[in-house]
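Engineer: Quick note on numbering: the sequence shown equals residues 1078 to 1277 in the numbering used here. We put the CB at the ideal spot given by N, CA and C, even for glycine. Only a predicted model underlies this, so the values are computations on that prediction, with no experimental measurement involved. For reference, the structure I am asking about is given below.
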Amino acid sequence: MRPIFLSRWIVSSLLAISMVGPALGGEATDQIRETTDKAIAVLTEPSLQGPSKADERKKLLSKIADERFDWEEMARRALARHWAGRTEEEKREFVSLFRQLLERTYLDKVDNYSGEKVIYEGESLDGDFGVVRAKAVTNRGEEIPVEYRVRKKGKNWLVYDISIQGVSLVNNYRTQFNSIIVSSSYKNLIRRLKAKLDED
């Protein structure tokens, strides 16, 4: 299974230096910015630099991502109508595989980060759901619109989707997963996910 291409701004938007004006900050924005700052601290820590520290960096970044990403909600939305027919065991397995797929696809590319910035532009909340709007700014001044889709669990706003230039990460995977299931079977999707993870 080929990794879904959402452009390198998935990495930049997650792991970039964040900037936000006081008037634009809200609870959801502040929490995403806090997570971004933690990631930057790992990426810029002198004792974690170099190829020999790559695995340690990835473990730390994975832990940071776990604090802010709602893996189950992302997996449920990516599987869409095929989620309801799964057993609890199948759901747990799929969430685990989907999380590993995202981490392998994107966290493995953290060394591509080269100081891009994310400027947060505001948030729109509707009950326990919301959108945090931002833009990634390249070193050449190019601006890439980014939207973090979030939902509140307890006191935390968790990310369940990211849209880059209007392209949803979850929707991309949903299209691919649905195509595999419809043309073959859910079991084949699981086999292909496991094969993809075994390749890396």
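Do the stretch 1126-1146 and the stretch 1109-1116 meet, that is, are 3 or more Cβ pairs less than 8 angstroms apart?
Structural biologist: Counting Cβ pairs under 8 angstroms, three or more are found: they touch.
Engineer: Using DSSP bridges, identify the partner residues of glutamate 1224.
Structural biologist: Indexing the sequence shown from 1 puts residue 1224 at position 147. Note: glutamate 1224 sits in a beta bridge opposite Arg1210 and Ser1240.
Engineer: Determine, using beta-carbon pairs with one atom in the stretch 1214-1229 and one in the stretch 1122-1137, whether at least three such pairs fall under 8 angstroms.
Structural biologist: no
Engineer: Count the other CB atoms, across all protein chains shown, that sit within 10 Å of the CB of valine 1209; report buried if there are 16 or more and exposed otherwise.
Structural biologist: Within the sequence shown, the letter at position 132 stands for residue 1209. The residue is buried, with at least 16 neighbouring Cβ atoms inside 10 Å.
Engineer: Cα separation between leucine 1120 and valine 1247?
Structural biologist: The residue labelled residue 1120 in the question sits at position 43 within the sequence shown. The residue labelled residue 1247 in the question sits at position 170 within the sequence shown. Looking at the two C-alpha atoms, the distance is approximately 26 angstroms.
Engineer: Whose CA, out of Phe1175, Phe1146 and Gly1162, lies closest to the CA of arginine 1269?
Structural biologist: Residue mapping note: residue 1269 aligns to position 192 of the sequence shown, counting from 1. Among Phe1175, Phe1146 and Gly1162, the Cα nearest to that of arginine 1269 belongs to Phe1175.
Engineer: Consult DSSP for serine 1245 and reduce its assignment to one of helix, strand or coil.
Structural biologist: Within the sequence shown, numbered from 1, the residue matching residue 1245 stands at position 168. It is a strand residue.
Engineer: Isoleucine 1258 to glutamate 1133, Cα distance in whole Å?
Structural biologist: Here residue 1258 corresponds to residue number 181 of the sequence shown, with the count starting at 1. Here residue 1133 corresponds to residue number 56 of the sequence shown, with the count starting at 1. If I take the Cα positions, the gap works out to 36 angstroms.
Engineer: Let me know the secondary structure DSSP gives glutamate 1122 once reduced to three states.
Structural biologist: Sequence index remark: in the sequence shown, residue 1122 carries index 45 (1-based). In the structure shown, glutamate 1122 sits in coil (DSSP, three-state: anything other than H, G, I, E or B).
Engineer: Any idea if glutamate 1276 is buried or exposed, counting beta-carbon neighbours within 10 angstroms, 16 or more meaning buried?
Structural biologist: Residue 1276 sits at position 199 when you count from the first residue of the sequence shown. With fewer than 16 Cβ atoms within 10 Å of its Cβ, glutamate 1276 is classed as exposed.
Engineer: Using a Cβ-Cβ cutoff of less than 6 angstroms, which residues in the same chain neighbour serine 1245 once the five nearest sequence positions on both sides are dropped?
Structural biologist: On the sequence shown, residue 1245 is found 168 positions in, with the first residue counted as 1. Contacts found: Asp1238.
Engineer: Mind checking threonine 1164: buried by the 16 CB within 10 Å criterion, or exposed?
Structural biologist: Position 87 of the sequence shown, counting from 1, holds the residue named residue 1164. Under this definition threonine 1164 is an exposed residue.
Engineer: For serine 1173, which option in Arg1153, Ala1157 and Glu1198 has the closest C-alpha, if you only look at C-alpha atoms?
Structural biologist: Start at 1 with the first residue of the sequence shown, and residue 1173 comes out as number 96. Residue Arg1153 is the option with its Cα nearest to serine 1173.
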